[in-house]
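Chemist: What follows is a single structure, and I will ask about it in a moment.
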């Protein structure tokens, strides 16, 4: 069955239940808490799509949004208003750096939240801050926000409604 005609099936509830805030935090705990956070805000938790996508423009799944590309392009109707995933990805564009740095990997889970016309920047920004500072407990005073220089709307949301003095473009 092609990915464009496949029915969207939710992920098992048992895969979203970790609310532990003990340190150190495992990758599994981060994944569960991320998915649970967005599920509690109305997102359908969907499973990872195949690593070999039904898309002739790419060889491997390289991003979390790839399974939704037909929806974004208007080729298939959206089945849910918003979704969240832990998409398994393979990237080889900088494979020569794997092992040289701590941040280069070929295989990883990309966590994502997606709105298909359900919400936009205001909610996405507020939820990203809440996820980072409340759910994951990152100290707000150590976070700095950068905004694309021409995105006045995002800057105003960050500056006026979320963290006031930390947004920079």
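Residue numbers (the UniProt record's numbering): 1 to 169.
Just so it is clear, CB atoms sit at the ideal spot from N, CA and C, and this is done for glycine as well.
#1: Going by other Cβ atoms of all chains shown within 10 Å of its Cβ, with 16 needed for buried, is residue 104 buried or exposed?
#2: For residue 124, which residues from the same chain have a beta carbon less than 8 angstroms from its beta carbon, with the 5 sequence-adjacent residues on both sides left out?
#3: Can you tell which of 55, 84 and 62 has its C-alpha closest to the C-alpha of residue 73?
#4: What do you reckon, are the CB atoms on residue 111 and residue 86 nearer than 8 angstroms?
#5: Helix, strand or coil: which one does DSSP assign to residue 111?
#6: For residue 30 and residue 62, which I take to be in contact (beta-carbon distance under 8 angstroms), what is that distance rounded to the nearest angstrom?
#7: Quick check on residue 62: does DSSP put it in helix, strand or coil?
#8: Is it buried or exposed, residue 57, if we count other Cβ atoms within 10 angstroms and call 16 or more buried?
#9: Exposed or buried, which one is residue 13 when buried takes at least 16 other CB atoms within 10 Å?
#10: Going by DSSP in three states, residue 52 sits in which element: helix, strand or coil?
#11: Out of curiosity, what's the CA-to-CA distance linking residue 139 and residue 128?
Modeler: Per the coordinate set shown:
#1: exposed
#2: 113 and 115
#3: 55
#4: yes
#5: strand
#6: That belief does not hold up - the Cβ atoms of residue 30 and residue 62 are roughly 20 angstroms apart, past 8 angstroms.
#7: coil
#8: exposed
#9: With a pLDDT of only 49 at residue 13, under the threshold of 50, the placement of this residue in the model should not be trusted; the figure read from the coordinates follows. By the neighbour-count rule (16 or more Cβ atoms within 10 Å), residue 13 is not buried but exposed.
#10: coil
#11: 14 angstroms
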